[in-house]
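*Asks:* Quick one: the structure is below, questions incoming.
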Amino acid sequence: MPDVDRLSADDVSCPARGKAGDDRRSPAAVRSGFIFHCLTRTAGFGVSPVTPQLLAPWSRLLALLEAPEDAPVLAPMLEREILYRLLQGPQGGVLRQIAQDNSRLSQIRQAITWIRAHFDEPIRVEALAEIAGMSPASFHRHFKAATAISPLQYQKVLRLQEARRLMVVNADTTRTAYSVGYESASQFSREYARMFGAPPSRDAIRLRAQSLGLEEINSAT
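Encoded structure:
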């Protein structure tokens, strides 16, 4: 489980859009470590320890992956509890700023929402700045202050996170590279290895082996 409460744009949420037939929230994907891998190790704004009160509903929410028939009833209640715990926590003020339509953080949020929905497409900082209602220079400065990385770096991290998820479910390396927006499979492999510490195929084999090992442990208990 995560050991920090990271309330910036570089949280551990998955890219907003998936491909047809994918199951990014399957138990195997969860146990592989995909969902728990932070988009970046660099702190943006707002890092604080996770409290037991916040961790408990997160654990119960993830447990619903094994009981999908209960999710329609229980998941909304757990989501409300998580939001309540976040608002009551040390980063509650940051969340309230994000929710305010006229705050800088809410403007950056609009650009982040667009990037997450279009992470596999080319982006221009000028266009993102227009979405956020800022000048390019001001947008770049505020984006980096909020996330600790640039807009293009944020897009790259989203692409690689989505690529890792696809690789875990047995996708081909070259096809994965193109599907997340890379024009060069070799560049994709280099950047993937730089972020995750191993080339795509080797990393996927390791994650699948971890998943199988956990499944065997769970079945034996």
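With my numbering, the residue at position 203 of the sequence shown is 714, and numbering never jumps. All C-beta atoms, glycine included, are put in the ideal place defined by N, C-alpha and C.
1) Excluding the 5 residues preceding and the 5 following E654 in the sequence, name in chain order all residues of the same chain whose CB lies nearer than 6 angstroms to its CB.
2) Considering only C-alpha positions, which residue in the set G692, M588 and R705 is nearest to Q666?
3) Tell me whether the stretch 644-654 and the stretch 705-716 touch, counting them as touching only if at least three CB pairs, one residue from each stretch, are closer than 8 angstroms.
4) Indicate whether F699 and A720 have their beta-carbon atoms separated by less than 9 angstroms.
5) Go ahead and label I626 buried or exposed: buried means 16 or more other beta carbons lie within 10 angstroms of its beta carbon, across all protein chains shown.
6) Under 9 angstroms between the Cβ atoms of S722 and V679?
7) By the 10 Å Cβ neighbour count, where 16 or more other Cβ atoms means buried, how is G532 classified, buried or exposed?
8) Determine the direct distance from the alpha carbon of A574 to that of P563, and round the result to whole angstroms.
9) How close, in whole Å, do the beta carbons of I593 and L616 come, if the pair is a contact with beta carbons under 8 angstroms?
10) Is any heavy atom of the ligand MG found at a distance shorter than 8 angstroms from the C-beta of F650?
11) Runs of 4 residues minimum, wholly inside the stretch 570-657: which ones carry the alpha helix (DSSP H) assignment?
*Replies:* Reading it off the structure:
1) Correcting the residue type first, residue 654 is Phe in the shown sequence and not Glu. Cβ within range, chain order: I619 and P662.
2) G692
3) no
4) no
5) buried
6) yes
7) Because G532 carries a pLDDT of 44, less than 50, the predicted location of this residue cannot be relied on, and the following value inherits that uncertainty. Exposed: under 16 other Cβ atoms inside 10 Å.
8) 16 angstroms
9) Contact flag wrong, Cβ pair sits at about 19 angstroms.
10) Summarising the ligand content, the structure contains no ligands, and the ligand MG is consequently not present.
11) 582-599, 603-610, 615-628 and 636-643
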